[in-house]
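Take 1024 as the starting number for the sequence shown in the numbering used here and just add one per residue.
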Amino acid sequence: MKVTFLGTGTSQGVPVIACDCSVCQSTDSKDKRLRCSVLIETERNTFVIDTGPDFRYQMLRESVKDVDAFLFTHEHKDHIAGLDDVRAFNFRNKKDAQVYGNANVLKAIKNDFHYAFDTVSYPGVPRIKLNHINNSPFEINGDRIIPILVWHYKLPVLGFRIGDFTYITDAKTIEEDEIEKIKGSRVLVLNALRKEDHISHFTLSEAIQISKEIGAEQTLFTHISHLMGKHDEVQAELPENTALAYDGLSFFV
């Protein structure tokens, strides 16, 4: 299974256009963080988790020709806003986009992209097939997917485990029975917004502590605000077997 980080950033703490902070002005490509998303390619399927505002560019950058399913963690705009651009895949591959999310996600998508679900449609609107999921495992074309329920303050968010890979974003709390679902993963991805406390996201130190509890061979941190600091400087502070992810990073699990 191949994993590619499409984006590792967040709308939380996004600076104004004229920001002159050292991260925003950095020439290091690892400090250029688009909104959080990941591409997963198995032997059977190509999955995308979340379609934020940068979705179209991310697909072009990685030369993605087809996606079998779109998995959504939650309904916030920085995770669903780019969904309209699935119409390019509709046109190319002559099929509906298969979208998987919980009840909150599906409701938000139907509201935000209502024109895709009108009884009287017009040519060219995105063709989207909604599939309801909850906290129970499900299967897509032979790949078993295990949802992981986490809490984004009081909002339920789904992480996903596929084989030995687990992806979690926008979490502040993970209950013990959900942590048990993650254990045994070879590679774990966790959100780490910044070093200072935040009401609905793990800080870097909190994410490190969770990673130690789970004990994956490798933990990568994503959903990184520019307030975290420069990639190389933060990376030098991290414990063994942990790293900051960056846009375009690819690896096999």
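Even for Gly, the Cβ is constructed at its ideal location relative to N, Cα and C. Nothing here was measured: the structure is a model prediction, and the numbers come from that model.
**Request:** Give me the Cα-Cα distance between F1225 and I1191, rounded to the nearest whole angstrom.
**Result:** 11 Å
**Prompt:** From Y1176 to T1265, what distance separates their C-alpha atoms?
**Reply:** 24 Å
**Item:** Closest by C-alpha distance to S1234, when choosing among I1205, H1102, G1147
**Value:** I1205
**Request:** Determine the direct distance from the alpha carbon of D1193 to that of C1059, and round the result to whole angstroms.
**Result:** 10 Å
**Request:** Report the three-state DSSP secondary structure of H1224 (helix, strand or coil).
**Result:** coil
**Message:** If you measure between the beta carbons of T1096 and D1073, is that distance less than 7 Å?
**Reply:** yes
**Residue nearest to S1223 in terms of C-alpha spacing, selected from H1099, K1118, V1071, S1086** = H1099
**Message:** On the criterion of 16 or more Cβ atoms from any shown chain inside 10 Å, does K1195 qualify as buried, or is it exposed?
**Reply:** buried
**Asked** Which residues mark the beginning and the end of the alpha helix (DSSP H) in which D1135 is found?
**Response** 1126 to 1135
**Prompt:** How would you call R1167, buried or exposed, if buried means at least 16 neighbouring beta carbons within 10 angstroms?
**Reply:** exposed
**Item:** Continuous alpha helix (DSSP H) stretch holding V1257: start and end
**Value:** 1254 to 1258
**Item:** CB of K1025 within 7 Å of CB of E1064, strictly
**Value:** yes
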